[in-house]
Amino acid sequence: MTIDAVGQINSTNQTVQNNTISVEEFLNVFITQLNYQDPLNPVDNREFMAQMAQFSQLELERSSRDTLSELAQLTANSQSIGLIGKTVEAVFDNQKHVGEVTTLRFVQNTPLLTIKKEDGELVPDIKPSMISIVR
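First residue of the sequence shown? That's 210 in our numbering, and the numbers climb one at a time after it.
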């Protein structure tokens with residue numbers, strides 16, 4: 210998930226999600242393991258507890274990652290709200306635009322700013338990551 214802020218935050222959540230298994234997949238593997246274990250040599254209690262502890266740790270990490278992603282999004286939104294009324298310099302369509310941030314709107318939880326240049330021209334849909342200077 211990429212979150213635009215004043216300075217872009219890049220995340221590798223997609224890679225992490227592709228390398229982890231879901232709760233349902235883990236439980237299916239775990240139940241299959243229990244169903245097909247040798248009745249004369251069952252899984253050791255310590256091994257069973259170690260697997261459960263690993264699973265608990267994975268769930269805690271997944272929850273923490275989700276919480277941090279939400280916090281980063283809230284921070285990006287707060288930074289964007291703080292730009293209203295400020296004079297900024299942004300590069301958009303390979304051009305430098307300098308003006309006052311007049312409006313802020315959110316499209317799919319992504320902040321988009323509108324800059325009003327000195328000549329009155331409005332430049333819409335500026336992502337915060339496009340802003341290079343805040344005055």
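Cβ coordinates follow ideal geometry from the N, Cα and C atoms, glycine included.
Exercise. Is DSSP giving N298 helix, strand or coil here?
Worked result: The amino acid occupying residue 298 in the given sequence is Glu; Asn does not appear at that position. E298 falls in the strand class under three-state DSSP.
Problem set entry | Own chain, CB closer than 7 Å to F235, minus 5 neighbours either side, in chain order | F264
Problem set entry | alpha helix (DSSP H) runs wholly inside the region 230-270, at least 4 long, in chain order | 232-244
For this session: Can you check DSSP and say which residues form a bridge with P320?
Result: F315
For this session: Would you check if the region 334-344 and the region 288-303 touch, i.e. whether three or more CB-CB distances between them fall below 8 Å?
Result: yes
For this session: Can you tell me which of the three DSSP states D328 falls into?
Result: coil
For this session: Just the C-alpha distance for N254 and N237, rounded to the nearest angstrom, thanks.
Result: 19 Å
Exercise. Where does I342 fall in DSSP's three states?
Worked result: strand
Exercise. To the nearest angstrom, how far is it from the Cα of V252 to the Cα of I340?
Worked result: 58 Å
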